[in-house]
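Q: One structure, pasted below without further comment.
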Amino acid sequence: MSQNAASSASTSGNGKGKARAGAALDEEVDEKVLRRRLQYKLHQRRHRAKQKQKITTLELEVQNLAAEVDTLNRQRHKLLIDNNFFASRGTTGGVPARVAMEYFRLFQYSVSPMHIDQQEQYLRAVMTSETTGPDYVGVDTVVTQWRRFCQFFAYTRYDPLSINVTTVGDLTVVVVDSIFSIRARRDGVVTLYPSLNGDLELTQKLSGSIINIQGKYRFTFDSNGIVTWFSAEWDLVNALQQALGDLADVSAVLSGANISSSTGQIQVDDAHVQETKPRVDPRHNVEFLLS
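Note that our numbering has the sequence shown beginning at 476, numbered continuously upward.
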């Protein structure tokens, strides 16, 4: 009897020991699984961080390469000018003449949203902050003027007629005669020509007409191929007379105008570039018409 009790107690003790051992083993397995999961998460986090760093590095390298390509293109352009500039600079086939005609090609139809980067790059490649004209200084002014032309005119077009090239010492002067055709936007007419505020008939006549201006464009290049002088000589008075037909109307249009009749320079400050509400002509007031 005592032997059976001892045997039973021994068996019970062994069972409890095995249960504890099994539980400990399960805990050890769970701990290993958790540790592996944590290691996996940390590995994934490090991997994603490395991938982001690689992307950032590659984007920076692409930007640096693009800047380097741009610099090399400018250097190449300068070398070509340096090597070829004096060889034929006094002819219509020389570099100065080709650079001048490129201006009329790029801006034949004003500033284009599709080509604005190329147009501005051209201006900044051939002109500098020291480039001057009769009423401006610096290439930034030329860029700004073209943006204003785009804002105030619905249509512009160059039609070059002739080109003349002369040399004076190290300077090369290219003169291009061209027709410059323009049609003002209706909402910009009063800003350019304040005297028309309230004159709906003349405003309509001007905004509906294409003005063909005889112009003479002068480019002066230095020995490095840079444009040091750029100017336009307009005959806006004659062009307006041909379009409007009446010299009195021309005088009214140009009275206090914000665009030069001799150079085409738009003289409106950026802060003033906004839609001007025209005064209502009392003759077009309903009460006046019914009275």
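Each residue gets a CB set at the ideal place from its N, CA and C atoms; glycine is no exception.
When DSSP labels each residue in this structure, what does Val649 get in the three-state scheme?
A: Three-state result, Val649: strand.
Q: Leaving out the 5 sequence neighbours to the left and right, which residues in its chain are closer than 6 angstroms to Ile734 when beta-carbon positions are compared?
A: So the list reads Leu667 and Ile741, once near-sequence residues are dropped.
Q: Between the C-alpha atoms of Asn687 and Lys680, what's the straight-line distance to the nearest angstrom?
A: 15 angstroms
Q: From Arg632, Gly731, Pro588 and Tyr578, pick the residue whose C-alpha is nearest to that of Ile685; which is it?
A: Arg632
Q: Assuming the contact rule is C-beta atoms closer than 8 angstroms, Val430 and Ile701 should be a hit. Round their C-beta distance to whole Å, please.
A: Any property of residue 430 remains undetermined from this structure, which presents the chain solely from 476 to 766.
Q: Exposed or buried, which one is Thr647 when buried takes at least 16 other CB atoms within 10 Å?
A: buried
Q: Could you have a look at Tyr578 and say whether DSSP puts it in helix, strand or coil?
A: helix
Q: Could you compute how far the alpha carbon of Thr751 sits from the alpha carbon of Phe582?
A: Unreliable positioning characterises Thr751 in this predicted model, as indicated by a pLDDT of 39, which lies under 50. A coordinate reading is not provided.
Q: Roughly how many angstroms separate the alpha carbons of Lys691 and Ser706, rounded to a whole number?
A: 8 angstroms
Q: Measuring CA to CA, which of Thr703, Ala727, Asn699 and Trp704 is closest to Val712?
A: Distances from the alpha-carbon of Val712 to those of Thr703, Ala727, Asn699 and Trp704 put Ala727 closest.
Q: Compute the Euclidean distance between the alpha carbons of Thr678 and Asp592, then round it to the nearest angstrom.
A: So the two alpha carbons sit approximately 33 angstroms from each other.
Q: If you draw a straight line from the alpha carbon of Thr532 to that of Leu547, how long is it in whole angstroms?
A: Cα-Cα distance, rounded: 22 angstroms.
Q: Of the residues Val586, Val649 and Ser670, which one's Cα is nearest the Cα of Tyr630?
A: Val586
Q: When DSSP labels each residue in this structure, what does Tyr597 get in the three-state scheme?
A: helix
Q: Going straight from the alpha carbon of Tyr597 to that of Leu729, what length do you get?
A: 32 angstroms
Q: Using only alpha-carbon positions, find the residue among Asn672, Ala714 and Leu722 that is nearest to Gly731.
A: Asn672
Q: Mark Thr606 as exposed unless 16 or more other C-beta atoms lie within 10 angstroms of its C-beta, in which case mark it buried.
A: buried
Q: For Val650 versus Thr641, is the C-beta distance shorter than 9 angstroms?
A: yes
Q: Between the Cα of Gly739 and the Cα atoms of Tyr515, Asp610 and Tyr584, which residue gives the shortest distance?
A: Of Tyr515, Asp610 and Tyr584, the residue nearest in Cα terms is Asp610.
Q: Here's the rule: buried if 16 or more other CB atoms are within 10 angstroms of the residue's CB, otherwise exposed. What is Ala718?
A: buried
Q: Taking DSSP as the reference, what is the three-state secondary structure of Asn687?
A: strand
Q: Can you tell me which of the three DSSP states Val586 falls into?
A: Residue state, collapsed to three classes: coil.
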